[in-house]
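Quick notes on the structure that follows.
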């Protein structure tokens, strides 16, 4: 069955697999003291600019939760969109492990609106309330939308004005960079970001994410936070070697550009169909659409994808749920065209 369910369902880039294989022979120092880790960290810090410090972890949930742990005490709170992965898809891990509260803001497109954040950003004057300490965004968002540099700069300025740290869940940051045509540093360090979760798994790695700090003082004790959070890998070279290949010769950007292009191909291919409606801007590697429930059931015989919203959307025919289709670095054009043909079938 061909899957458009998630970029997590796709494989590993051959160059990443080769890097793991090349790191395998012989012995190497453990816990990140090996040459592959040192070189990969240098490459990451070169991408994100002077003053950045990077740490590797296994998975995105850990990157988000541990990155936030460096910023929070239990009486603090994080402002985020109600659709944020932090809020919807981490099984309560941010609150369970940081013991801090999430303060959610309504968002129809996954983006924070600063006017909506104002009610949570006020100074904490009573011990009865959680104190706002972090504002967190997802780039690109859960709806596939991408914050512009202007929007990110405004959030960075808002954070500084209100004494908040600025955190970014960048599980698909590469796709956002490919869409905007900007460097990783331009979307992070240069807009005032404090801490980033930088994803690799969704863009060609077997496993592995990075927590990147842009203020050295925030990273000062993160080594202990990572160890206590059970994310310090003993055979770190197998994770680090992947990032070395990922960052070498812009493989991360090449992968993201291809994934985005396949999503655009898919969206354009169904745009004029009478029984399919693309519902959201296609700015990364996600396509959201509505189509009749019976057609979804027929497609599920040969294609795997998720129903995102079971409810009838305003302005759409009754009985047309919203679905999400994801593409990835190794999505084949012929498979996308085959899927379009199946959607178009009368």
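In our numbering, the protein residues as written are 65 to 410.
From the three backbone atoms N, C-alpha and C, an ideal C-beta is built for every residue, glycine too.
Residue i and residue j closer than 8 Å at C-beta
i	j	result
residue 337	residue 351	no
residue 257	residue 220	yes
residue 327	residue 348	yes
residue 404	residue 334	yes
residue 266	residue 235	yes
residue 274	residue 108	yes
residue 263	residue 96	no
residue 171	residue 147	yes
residue 213	residue 255	yes
residue 290	residue 130	yes
residue 386	residue 377	yes
residue 143	residue 204	no
residue 69	residue 271	no
residue 210	residue 244	yes
residue 305	residue 83	yes
residue 105	residue 118	yes
Classification of residue i by the beta-carbon crowding that lies within 10 angstroms, buried from 16 upward
i	result
residue 373	exposed
residue 206	buried
residue 239	buried
residue 75	exposed
residue 196	buried
residue 294	exposed
residue 73	exposed
residue 332	exposed
residue 395	buried
residue 85	exposed
residue 93	exposed
residue 158	buried
residue 88	exposed
residue 375	exposed
residue 407	buried
DSSP beta-bridge partners of residue i
i	result
residue 388	352 and 370
residue 118	276
residue 232	201 and 260
residue 167	143
residue 67	368
residue 341	354
residue 158	None, per the DSSP bridge assignment.
residue 195	140
Delimiting residues of the alpha helix (DSSP H) encompassing residue i
i	result
residue 303	301-311
residue 102	99-112
residue 136	Neither: residue 136 is in no alpha helix (DSSP H) and is coded neither H nor E.
residue 226	Note, residue 226: premise wrong, no alpha helix (DSSP H); not H, not E.
residue 78	78-87
residue 328	315-334
residue 403	397-408
residue 241	237-244
residue 180	178-181
residue 249	248-251
Cβ separation of residue i and residue j, assumed to be a contact under 8 Å, to the nearest whole Å
i	j	result
residue 323	residue 391	5 Å
residue 354	residue 384	4 Å
residue 156	residue 202	Incorrect: roughly 17 Å between the Cβ atoms, too far for contact.
residue 168	residue 136	16 Å between Cβ atoms; not a contact.
Element boundaries [beta strand (DSSP E), containing residue i]
i	result
residue 289	No beta strand (DSSP E) contains residue 289, which is instead part of the alpha helix (DSSP H) from 286-292.
residue 143	140-145
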